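What follows is a short report on a single structure.
4 protein chains.
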Amino acid sequence: MRFFSDNAAAAHPAVIEAIAASNRLDTAYDGDEWSRRLDGAFSDLFERQVRALWVTTGTAANCLALAALCPPHGAIICHKDAHIENDEAGAPGFYASGAKLMLVEGPGAKVTPEAVEAAVGRVRKDVHQVQPKALSITNASEYGLAYSAAEVGALGDLARARGLGFHMDGARFANAIVSTGESPADVTWRAGVDALSFGFVKNGGLNAEALILFRTELADEIAIRRKRAGHLLSKGRMLAAQMLAMLDNELWLDNARAANAAARSIATAAGERLVYPVEANEIFVRVTAEEAAALRAQGFDFYDWGPGQIRLVTSWDQAGEPIERLAAAIASL
Amino acid sequence: MRFFSDNAAAAHPAVIEAIAASNRLDTAYDGDEWSRRLDGAFSDLFERQVRALWVTTGTAANCLALAALCPPHGAIICHKDAHIENDEAGAPGFYASGAKLMLVEGPGAKVTPEAVEAAVGRVRKDVHQVQPKALSITNASEYGLAYSAAEVGALGDLARARGLGFHMDGARFANAIVSTGESPADVTWRAGVDALSFGFVKNGGLNAEALILFRTELADEIAIRRKRAGHLLSKGRMLAAQMLAMLDNELWLDNARAANAAARSIATAAGERLVYPVEANEIFVRVTAEEAAALRAQGFDFYDWGPGQIRLVTSWDQAGEPIERLAAAIASL
Amino acid sequence: MRFFSDNAAAAHPAVIEAIAASNRLDTAYDGDEWSRRLDGAFSDLFERQVRALWVTTGTAANCLALAALCPPHGAIICHKDAHIENDEAGAPGFYASGAKLMLVEGPGAKVTPEAVEAAVGRVRKDVHQVQPKALSITNASEYGLAYSAAEVGALGDLARARGLGFHMDGARFANAIVSTGESPADVTWRAGVDALSFGFVKNGGLNAEALILFRTELADEIAIRRKRAGHLLSKGRMLAAQMLAMLDNELWLDNARAANAAARSIATAAGERLVYPVEANEIFVRVTAEEAAALRAQGFDFYDWGPGQIRLVTSWDQAGEPIERLAAAIASL
Amino acid sequence: MRFFSDNAAAAHPAVIEAIAASNRLDTAYDGDEWSRRLDGAFSDLFERQVRALWVTTGTAANCLALAALCPPHGAIICHKDAHIENDEAGAPGFYASGAKLMLVEGPGAKVTPEAVEAAVGRVRKDVHQVQPKALSITNASEYGLAYSAAEVGALGDLARARGLGFHMDGARFANAIVSTGESPADVTWRAGVDALSFGFVKNGGLNAEALILFRTELADEIAIRRKRAGHLLSKGRMLAAQMLAMLDNELWLDNARAANAAARSIATAAGERLVYPVEANEIFVRVTAEEAAALRAQGFDFYDWGPGQIRLVTSWDQAGEPIERLAAAIASL
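Chains as they are written, first to last, in the numbering used here: chain A, 1 to 333; chain B, 334 to 666; chain C, 667 to 999; chain D, 1000 to 1332.
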């Protein structure tokens, strides 16, 4: 029973079926029927005109967006626990030709306006110091917290005032959306977000992520950068078809609701042991080394997360007995 | 009836089945059962120890290899018609941090030792001129010609003598192998090749290409670069499973044989109109604008390729009547 | 008697005096009295508002300009014999984050509108091919030819029509100006040039080159890039003082007139042996290996320049007897 | 009376004289008589064979070294207050093709083995996290503290054990050397340093810094990178001559002694107000805003350095009355 990460889960059967259904001769790259439907499908979802590009990884989506929002000599403000800082092998520096990350702190890996303001304020306005040019937040955060539309909006106002491009890493965007109940539009462009990495792989997709551009004028340049980075697949219809299957009948929301519900069950069992409120599908629990070993002995797999803490991540396909057993095991520690 | 490019064809049913069969929870990235079998499977095929990494595009395979073989301040010698020069949006310069391509000419997009020697000889050995550090050839070439093992070996000897890393872009490696009948080992590492982009997507794969490293010591660094470029997919098992399905029972050779046979049928019909000998699955035919229009009027789609020429590319799944009709149409021009 | 290159000559005494005179405590970097006078001095010379930044090499001036005019995924059209292609160790690719040079041919290393038009025309307008974004010419050219204002203007019109930034490498700008007699303004911004590398080092300067920006809005970003490239010297007053000394009393024009006059004397002696008309301070002469040896035996040093040709370059401080002797030696071959 | 920074001071007269004396025709770039003497001169100073390259800024020296010691996908460990982090406009990321800085803390901007060990220990050994590949320290530190040979040696041992290249930013190397009285050899290569940026500009030089390579095998590649970065000046003799003049008769040590002595005088006056011990030529003093204003009213110029602190920097040419007046003014606060 694996709770390492949602990115290792199986893809939803509808996704595999969509891939099979799109397996025919069509125009290469993104000229096929499915890829050409993406802008429309996501524009409907976001209640405004957007441009949507498929890629195969969140790292590619994040860094293509950041390279468009930040010049080589600029800095991207992000949380010190952000995925782009810790788990992308320096990809932002690669894609953005040497741009740097400017790290801020904040509880639960969430970025606050105060932290951004302080980071901007520390920089002298001269040619010797790298000037901040973009802001990137992760929603849900690396510690499973969701941003409200109001929180994003406060950051968006600040980004605009300080001339920062605003990117949201939504590897678990679905989990955040079902957590707050706010609309995709309210949490993103209405709150000032310029570009969103809209994750599917952790939510039942196989290998497709969407880069959603609310500043649509960035799309053509990013399409060039996507090719230049080797991310323009020949048979892109397979990626587009996945996403359309996920959007269809709100499968993406159903999947996220299932993962979040599983996480809540475990969270309830963990009670006072929780390190953070559980707002998405990640649960951080305080356990001793002996307790962790005891859980593992019962067949539960998960990562240690610093001394005295473990991380559990639930997936769209985890429900019923395994979750009940894990909840019971934690409750009985 | 589309003859634009083999990269737009459907994937072979066995590939889709393999993807579906690998769709289960497993270790993420390349820690899964299928990915861990790749080194062994390709080592068997190449009759020596190799390292094999999956990626989703030929551009990624090519440029990851080139960045490992050429420093930022070096040059990569390639044909002026090479894919890396003309169709990868400058990806070699991106991946190799500004390294440049040093172009040579040669009939049929093939590189000759004389051309390489001349290119090397033109460069002063000082800090003002970019020094050649790698050689890249395409096999089969962009004009559908296959290199013999002896031809590759002559280039390999030269590469070693001049201190050049040696890369082969094998987007149509299968077509070349069935064309010459020589072994994969003889055409690559025994002939001095350090790294091979082994294509599957144009040959019945869906989205998986292999980067084969004969200099196995390069693999760990390239694995880092792959992640840094956003090419380490979460559910890599889907990519590995594709390749294993293609290697199984020599499906990759069967597919290439089918495409090559189709091309030969058309070539026979084209006769004197052929611009190049047809050694793989690409046919370049001299036609007038009126003749091209006539072919299109009969339902055949293809690209113009310079004035008075068209390019036809056959795929693994093109045989029988459509090919016979195209052959007949060309013969009757 | 060295005729290798004007970049090895001594600096003019007035330049050394200016350095000594500026050797006092002042604001660091470019905040000093001399640096702050540059914009005004060059604006007077060019008859319009310009921004002027000092750097220490032509390579830095060229590549800072090109990186501002061409995105990482774009191409810079230049002559195949251009300094940026042949003698800057790939610096354009480094500064412009992997941008490539798109080479054209043309007599005497001059770029023609036809060549540019053809180069632009060869590029498909898609994401697979690198799109041209800038044009760079060298005036005087690498073969010592000067562009007329009309010639530059024709290129400028084309650059504007095709959306290309327009850069002039003026390592020997002074020699070109005194050659045609046209005004600096007419040959540059009035003809559509966006940025000029204005050389002093080959013309009696010690180590200061000016980057002149007619598109003044580029200056602030380039100033950042200059720092980032390690080209913002602490005691920049030494560089600014050199330039001001060169502009004072038109010393830069006097020096160029002297070098050009010396070149003309030699050219007259060479007569039919000239490979190109001598319009600046470079002379390319057809000689046999024996004749070259004979000249060297008489104490003249110079470079061979391909089979059967030599290159002679005159400097601001070469006049009188050495030039007469060289002219006589060539005449008597 | 300016105490902003030593990099704004005048150059020593002997340096200006050396420039004037080298102003003659000679081989261009670094082929001249003076440049060819550098390896020998610095090898004598460091008691072993070294390679020495001139550049014009500390940023160039630092980043050329770091790019040779750290691959694009690696990290350079340095202090959060290091010059390369705060005052070089992101040049390390530019030169090292996107490599990142990994920041550590420590009193007085000094790096400790414990801090390095902790930083290394925090990194998972996988492809997702950027692996540390180099260590860079500043001696004297940004807060004017000198490393003992033993301190450097402890870091050198750790660097070797962890596979880190080891760079020392010696913008104020002379001030550190005269402070500890230890030999240049003991403080650098005998303690494990691979490359040293040996500063002259802050110590009476005009525009020349030396990059000293104890790992001499790095020099040829760095020479290429220097050209590629536009840092190979045509008349390099002017730079080499400066350094030789500084090394002659130990002028570099005399200058540093003078600056350090001036700093000590001020430090004695500051007494309990000192933020750090004064071991070189920088003095950090606790003053109220009113006291700072009072000092400025008496004609002393300096930077505020965070709330309640000011920074004073002395130069080689500051002695006698101005120093006495400043000391008295501080003592009487």
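Every residue gets a Cβ at the ideal spot worked out from N, C-alpha and C, and that includes glycine. In this text the structure is predicted, and so the values were computed from the model without any measurement.
Reduced DSSP category for residue i - H, G, I as helix; E, B as strand; rest coil
i                       : result
residue 318 of chain A  : coil
residue 216 of chain A  : helix
residue 1094 of chain D : helix
residue 1077 of chain D : strand
residue 1137 of chain D : strand
residue 1001 of chain C : Residue 1001 of chain C lies beyond the residue range present for chain C, which begins at 667 and ends at 999; the question has no answer from this structure.
residue 971 of chain C  : coil
residue 1125 of chain D : coil
Of the listed residues the options, nearest to residue i (C-alpha basis)
i                       : options                    : result
residue 652 of chain B  : B:591, B:616, B:607        : B:591
residue 610 of chain B  : B:596, B:623, B:620        : B:596
residue 1105 of chain D : D:1127, D:1136, D:1033     : D:1136
residue 617 of chain B  : B:623, B:608, B:625        : B:608
residue 1052 of chain D : D:1254, D:1146, D:1208     : D:1208
residue 955 of chain C  : C:972, C:825, C:948        : C:972
residue 791 of chain C  : B:379, B:420, B:456        : B:420
residue 272 of chain A  : A:14, A:287, A:281         : A:287
residue 503 of chain B  : B:453, B:558, B:546, B:424 : B:546
residue 116 of chain A  : A:85, A:147, A:164         : A:164
residue 1160 of chain D : D:1012, D:1134, D:1175     : D:1134
residue 1244 of chain D : D:1330, D:1267, D:1202     : D:1202
residue 188 of chain A  : A:219, A:111, A:156        : A:156
residue 123 of chain A  : A:167, A:113, A:102        : A:102
residue 935 of chain C  : C:993, C:833, C:890, C:770 : C:993
residue 369 of chain B  : B:576, B:644, B:627        : B:576
Sub-8 Å separation of residue i and residue j beta-carbons
i                       : j                       : result
residue 865 of chain C  : residue 740 of chain C  : no
residue 677 of chain C  : residue 877 of chain C  : no
residue 229 of chain A  : residue 89 of chain A   : no
residue 72 of chain A   : residue 96 of chain A   : yes
residue 1049 of chain D : residue 1031 of chain D : no
residue 1328 of chain D : residue 1308 of chain D : no
residue 1259 of chain D : residue 1312 of chain D : no
residue 1021 of chain D : residue 1033 of chain D : yes
residue 1129 of chain D : residue 1006 of chain D : no
residue 775 of chain C  : residue 729 of chain C  : no
residue 253 of chain A  : residue 149 of chain A  : no
residue 713 of chain C  : residue 851 of chain C  : yes
residue 721 of chain C  : residue 838 of chain C  : no
residue 100 of chain A  : residue 1099 of chain D : yes
Closer than 7 Å: residue i CB and nearest the ligand GTP heavy atom
i                      : result
residue 623 of chain B : Inclusion of the ligand GTP in the displayed structure is not the case, the ligand content being empty and no account of it being possible.
- prompt: Do the segment 1059-1069 of chain D and the segment 1193-1207 of chain D touch if we need at least three Cβ pairs shorter than 8 Å?
  reply: The count of Cβ pairs closer than 8 Å, one atom from the segment 1059-1069 of chain D and one from the segment 1193-1207 of chain D, reaches three, so the stretches are in contact.
query: Counting Cβ pairs, one atom from each stretch, are 3 or more of them under 8 Å apart for the segment 681-696 of chain C and the segment 620-637 of chain B?
result: no
message: Quick check: the segment 1072-1084 of chain D against the segment 1140-1160 of chain D, are at least 3 beta-carbon pairs closer than 8 Å?
response: yes
task: Please list the residues of the segment 531-557 of chain B that have a C-beta atom closer than 7 Å to any C-beta atom in chain A, keeping them in chain order.
output: 534, 539, 540, 557
query: Which residues, in chain order, does the segment 1112-1139 of chain D contribute to contact with chain A at a C-beta distance below 7 Å?
result: 1126, 1127, 1128, 1129
task: Using a Cβ-Cβ cut-off of less than 7 Å, give me the residues of the segment 736-765 of chain C that come near chain A, in sequence order.
output: 738, 739, 763
- request: Can you give me, in chain order, the residues of the segment 617-643 of chain B that have a beta carbon less than 9 Å from any beta carbon in chain F?
  value: Among the protein chains in the structure shown, which are A, B, C and D, there is no chain F.
field: Touching by the beta-carbon criterion (3+ pairs, under 8 Å), the segment 345-357 of chain B and the segment 564-572 of chain B
entry: yes
message: Please list, in chain order, the residues of the segment 890-912 of chain C that have any C-beta partner in chain A closer than 8 Å.
response: 890, 891, 892, 893, 894, 898
query: According to a CB-to-CB cut-off of less than 7 Å, which residues of the segment 353-373 of chain B neighbour chain A?
result: 353, 356, 357, 358, 359, 360, 361
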